[in-house]
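To keep things clear, I will list the structure first and then write my remarks on it.
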Amino acid sequence: MARGVELRSVEKGYVDRSGAPQRVIAGVSLSVEGGGTAILKGPSGSGKSTLMNLIAGLHLPDAGEIAVDGTVVSALRESARDAFRARRIGYVFQTFNLLSPLTALENLLVPAALCGEPADEKTARRILEELGLCGHLDKRPYELSVGQRQRVAVARAVLRGPSVLLADEPTANLDEESSRAVMGAMRRIRDGGATLVLATHDPLLAEAFPGVTLDVVTGEVRR
Amino acid sequence: MMPRTRSLAVVTVALRYLGERAFATWVSVLAIALSVLLVVAVGNINFAVKKTAVEGSIRYPLLVGPEGASSAQLVFSTIFHADKPTGTIPFEAYEKLTRDRRVIAAYPIAMADSVGSYPIVGTDTGFLRDLGVGAASGALDIEAVGNAVLGSEVAARTELRVGDTFRGTHGMVGGEDADEHAEVTYRVTGILGRTDGPEDTAAYTSYAAVWKIHGEEAEKEGGEDKYHLGKGRLTAVLVRTANPVFTAALEREATMTPGTQGVDTGRAIRRMVDYLNKGERAVELFGAFTLAVAVAMILVTLVMSLNARRKELALMRSLGIGRFTIASIIMVEALVMTLSGVCLGVLLGHFAVWWSENLIKDAMGVAVEPWIWTSMEGMAVVTALAAGQLLALVSLVWTYRMNLVEEVSRD
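Protein chains in written order, with this note's numbering: chain A, 14 to 236; chain B, 301 to 711.
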């Protein structure tokens, strides 16, 4: 598969405080082509975020392989994974999405510069304005509403046209307007050929992005 | 302006985080600054004291004063005019020295009164000429009784000019029994050029005038006391000899003469400098201790702030920002705090010396040079910067080793 995300028999666990091994991801396989969507389902603590971190290359699997756009992420060195993540992966969390001392615009541009790959300021402004943040570009996170903050996070995630957009409950706690804006941005990036990986409990969000559904607990894949 | 390069972005983010916790940052910076300030100020003042003392000992290697007083007291009183005279010696001691072939120059010193907070020193015109600075205005004329030449600081601060008159205060500066001579008026005949030494903060008259004023009062009050220099008495004699061998011989002879003692000013000042050096070491130790406290404070501030922003640092990792880059941000924060503290400390230290220049001159008769760089200051700056580097390195390693990925994976 040239573009998309592929998980092959991925396993991941951890050792709890008592020293007992705990399996979080047990032999998950999944294949989503570029432009497609994968919905990760499961209760809180079931391993959705861990799976996303595995795709992002933040964690390494205990077994199995993860490939993004044909690159086996899990085989890369840490610095190469960081660079790959900076270039190819957009990540949106439910909360804690922004760097508190930076303005909305800076939250798009400064991280890019910190990765050594400066982004175009005009593009950043345009994306923020498209997400209805015109007039909020110079505001810091504490001056923005929850919805506005989430839109800034989405803007940052799509800024450099990632191959994969990982979104962890991106519309939770958002008002309708913000939800629409966030979903619109995600749809645009997916329609541009990116793979969308969504972790959500929200049936409306899942309906809005039809695609492959993975039950993280059972490992069952439904198309 | 948006940072375009990684290093600029690191500095921008570090400064923003420091700004976000401005109070803690300022407290840390001030703590460093205070430790540096202390060492800078003490170093500067000590440097000036040593310089003045050494210059004084070079000019007059021998001092003859009353027996019983410590050599330090005699030096402070006669060279710095910063202590009360401890007794008197007969004028014959001075006359004998002027006749001695081993002596190049000898000057009588008779201290008793003050003008405002400045001492009036009875001497002769030769002493004033020997200073080599000449008169800034008027003439160095103190021959006639009542004539006075003012040091440059005295003139500036009392606003007395040539031709003006003033009344001397009976007794030495700050003396409990100081009172104004009702009937003695001095006339300013000249203003001494600036010496940057104790002469700037003294007024000079003839020793004969001191005798006249005090002799008359002593007669009225029934005898000589420590403030009533009777006729034929001096508080000390400053002596320049032809060579150190003569200095040693004359010192011994003066000490063997009943009622007088000789003081090798070079030796006395070396002893004083030794004391000052010990004081410097104590200040350096104290400075090092306060610096260590300040550095520990910065470390605690950094660790607390690291824990408070674990989520944000984890977010950076999820955005593809490398561990080293994140650690660099924390390192820059530590460096900015210590560098700012050092710079502020150096500035405040010099400013403090500049601000207290007159106080120091009045209290110690020493002209400080507020903006010079002393070796003690250099050592303080190097130590503080080294501590800052160490702190930055610790922060770098600490942050680099933090497991931020665990933070990202929390559901």
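C-beta atoms are modelled at their ideal positions from N, C-alpha and C, and glycine is treated no differently.
Drop a sphere of 10 angstroms on the beta-carbon of residue i, count the other beta-carbons inside from all chains shown, and report buried for 16 or more, exposed for fewer.
i	result
T465/B	exposed
E476/B	Residue confidence for E476/B is low, a pLDDT of 49 falling below 50, so the modelled location carries little weight and cannot support an answer.
P385/B	buried
L691/B	buried
Y527/B	Confidence at Y527/B is low in this model, with a pLDDT of 46, below 50, so the placement of that residue should be treated as unreliable; the coordinate-derived value is given next. With 16 or more other Cβ atoms within 10 Å, it is buried.
W654/B	exposed
L118/A	buried
H214/A	exposed
A322/B	exposed
A482/B	Residue placement at A482/B cannot be trusted, given a pLDDT of 48 that sits under 50; what the coordinates show is reported in the next sentence. Flag for A482/B reads exposed.
N447/B	buried
Q107/A	buried
D574/B	exposed
G649/B	buried
C128/A	buried
E395/B	exposed
P558/B	exposed
I630/B	buried
Kindly indicate which residue of the options has the alpha-carbon position closest to the one of residue i.
i	options	result
G365/B	L431/B, R533/B, V433/B and G451/B	R533/B
S436/B	A456/B, L659/B and V421/B	Just to set this straight, residue 436/B is Ala in the shown sequence, not Ser. Of A456/B, L659/B and V421/B, the residue nearest in Cα terms is A456/B.
D564/B	A548/B, D574/B and V349/B	A548/B
S62/A	L179/A, S191/A, G32/A and S44/A	L179/A
S383/B	W698/B, D662/B, L704/B and I389/B	Before going on, a small fix: residue 383/B reads as Asp here, not Ser. Nearest C-alpha to D383/B: D662/B.
T495/B	N543/B, T352/B and L696/B	T352/B
G197/A	I140/A, R94/A, L20/A and R21/A	I140/A
L615/B	D75/A, L43/A, N110/A and G55/A	N110/A
E657/B	G645/B, D574/B, W671/B and T535/B	W671/B
R617/B	P183/A, S44/A, I102/A and T184/A	I102/A
V238/A	A126/A, G205/A, K152/A and G145/A	Chain A is shown from 14 up to 236; residue 238/A falls before or after that span and cannot be answered.
E46/A	G70/A, V28/A, V81/A and G58/A	V81/A
If the cut is a Cβ gap below 8 Å, which residues of chain A does residue i touch?
i	result
E320/B	S113 and P114
V310/B	L127
Output needed for residue i: all residues of its chain with C-beta closer than 6 Å, excluding positions within five of it in sequence on either side, in chain order.
i	result
N717/B	In the structure displayed, chain B extends from 301 to 711; residue 717/B sits before or after that span and is not available.
S113/A	P154
G343/B	T674, M676 and E677
So, is the C-beta of residue i closer than 8 Å to a C-beta in chain E?
i	result
I621/B	The displayed structure is made up of protein chains A and B, and chain E is not among them.
With DSSP as the reference, label residue i as helix, strand or coil.
i	result
F466/B	strand
P385/B	coil
P114/A	coil
Y407/B	strand
E24/A	strand
E677/B	helix
K54/A	strand
S31/A	coil
G148/A	coil
D430/B	helix
V367/B	In the sequence on display, residue 367/B carries Glu and not Val. E367/B falls in the coil class under three-state DSSP.
P419/B	strand
T505/B	strand
Q107/A	coil
G474/B	Model confidence at G474/B stands at a pLDDT of 46, short of 50, so the residue's coordinates are unreliable; what they give is reported in the following sentence. Coil, per DSSP.
R193/A	helix
In chain B, which residues lie less than 7 Å from residue i when you measure between Cβ atoms?
i	result
R98/A	G620
S92/A	G622
E24/A	Here the premise fails: no neighbours, minimum Cβ distance about 15 Å.
E134/A	M302
N186/A	Those do not exist, as N186/A stays about 15 Å from chain B at its closest Cβ, beyond 7 Å.
E156/A	Within chain B, no residue comes near E156/A; the closest Cβ sits about 13 Å away, beyond 7 Å.
Only counting the same chain, and skipping five residues up and downstream in sequence, which positions put a Cβ closer than 8 Å to that of residue i?
i	result
L122/A	P131, A132, E134 and A137
S452/B	A436, I491, L492, G493, R494, T495 and D500
D441/B	T425, N447, V449, T489 and G490
V454/B	V415, G416, Y418, L460, D500, T501, A502 and A503
T325/B	L318, G319, T601 and M637
Which residues in chain A have a C-beta closer than 7 Å to the C-beta of residue i? List them in chain order.
i	result
R617/B	L71
T458/B	In chain order: nothing, as chain A lies at least about 56 Å away.
T625/B	L127
Along chain B, in chain order, which residues have C-beta atoms closer than 8 Å to that of residue i?
i	result
Y104/A	S618 and L619
V123/A	M302, P303, A309, T312 and V313
Return the chain-ordered list of same chain residues with a C-beta closer than 7 Å to the C-beta of residue i, the five sequence neighbours on each side being excluded.
i	result
A444/B	none
G474/B	Low per-residue confidence applies at G474/B: pLDDT is 46, beneath 50, and the placement is therefore not dependable, though the value from the model is reported in the following sentence. Here the set comprises nothing.
V349/B	L576, M664 and V666
G26/A	P34, Q35, R36, V37 and D75
Could you name the residues of chain A that residue i contacts, counting a contact when the two beta carbons are closer than 9 Å?
i	result
V600/B	Ordered by position in chain A, no residue passes the 9 Å Cβ test against V600/B, which lies about 20 Å from the chain.
V705/B	N66, L71 and H72
A578/B	With the sequence shown as reference, residue 578/B is identified as Lys, and Ala is not the correct amino acid for it. Here the premise fails: no neighbours, minimum Cβ distance about 48 Å.
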